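Student:
In the working numbering, the protein residues as written are 9 to 173.
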């Protein structure tokens with residue numbers, strides 16, 4: 009388990025992020041049109057997984073905006089923004105913010121993505137949601153960078169994640 013904080017108060021995650029050098033486990037996440045996205049759908053592409061508790065918090069919204077601005081400049085790379093928000097809320101947010109350069113995906117129905125990758129929050133007021141973290145995967149599906157943000161209210165180190173590519 010990773011020990012992180014929310015407002016300085018300790019909380020735990022369900023495990024550890026995938027190790028650098030391992031293959032990212034396949035996933036089934038829900039797109040805004042309610043179809044299913046899998047890791048296989050992105051084969052041959054570098055991926056930056058921007059994972060967060062909810063699109064409806066200031067820090068999460070800022071991280072999606074930041075990655076949206078950066079994503080259009082990345083070659084052979086997709087930014088996947090993943091939360092447990094309903095796809096409808098994600099779609100509403102992206103439409104209102106003009107966010108078009110990232111892929112928004114939801115783990116709302118069973119949370120398996122969070123459980124499989126050790127990033128589900130297991131206690132405190134955000135139990136069941138995803139912790140704030142980044143996982144970068146190369147075009148072969150290998151994890152090349154991870155960051156578990158120690159304080160949920162803080163933003164991840166975007167530059168370090170993008171430098172891994």
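Yeah, the Cβ is synthetic: ideal placement off N, Cα and C, and Gly gets one too.
Note that this is a predicted model, so its numbers are computed, not measured.
#1: Compare the Cα-Cα distances from residue 176 to each of 84, 88, 78 and 96 and report the closest residue.
#2: Using the three-state DSSP reduction, which class does residue 10 fall into: helix, strand or coil?
#3: Just the C-alpha distance for residue 110 and residue 117, rounded to the nearest angstrom, thanks.
#4: So is residue 84 buried or exposed if we call it buried at 16+ other beta carbons inside 10 Å?
#5: Could you compute how far the alpha carbon of residue 157 sits from the alpha carbon of residue 146?
#6: Can you have a look at residue 174 and say buried or exposed, based on whether 16 or more other CB atoms are within 10 angstroms of its CB?
#7: To test your reading of the DSSP string, which unbroken alpha helix (DSSP H) runs of 4 or more residues are found completely within the segment 56 to 133?
#8: Helix, strand or coil for residue 171? Go by DSSP, reduced to three states.
#9: For residue 63 and residue 39, what's the separation of their Cα atoms in angstroms?
#10: Are residue 92 and residue 138 close, meaning C-beta to C-beta below 8 Å?
#11: What do you get for residue 128, buried or exposed, if any count of 16 or more other CB atoms within 10 angstroms of its CB means buried?
Tutor: With the given structure in hand:
#1: Not covered by the structure: residue 176. The range shown for the chain is 9 to 173.
#2: As a first step, residue 10 must be located in the chain shown, where it is residue number 2. For residue 10, the three-state secondary structure derived from DSSP is coil.
#3: Residue numbering aside, residue 110 sits at position 102 when the chain shown is read from its first letter. Residue numbering aside, residue 117 sits at position 109 when the chain shown is read from its first letter. About 21 Å.
#4: Translated into the one-based positions of the chain shown, residue 84 becomes position 76. Counting every other CB atom within 10 Å of its CB across the protein chains shown gives residue 84 a total below 16, marking it as exposed.
#5: Working through the chain shown from its first residue, we reach residue 157 at position 149. Working through the chain shown from its first residue, we reach residue 146 at position 138. C-alpha separation (whole angstroms): 21 Å.
#6: Here the chain covers residues 9 to 173 and nothing more, so residue 174 does not appear.
#7: Qualifying alpha helix (DSSP H) stretches, in chain order: 66 to 79, 95 to 105 and 120 to 124.
#8: Here residue 171 refers to the residue found at position 163 of the chain shown. In the displayed model, residue 171 falls within a helix according to three-state DSSP.
#9: The residue given as residue 63 occupies position 55 in the chain shown. The residue given as residue 39 occupies position 31 in the chain shown. So the alpha carbons of these two residues sit roughly 14 Å apart.
#10: In the chain shown, the residue the question calls residue 92 occupies position 84. In the chain shown, the residue the question calls residue 138 occupies position 130. Yes. Within cutoff.
#11: Along the chain shown, one-based indexing puts residue 128 at 120. By the 10 Å Cβ count, residue 128 comes out buried.
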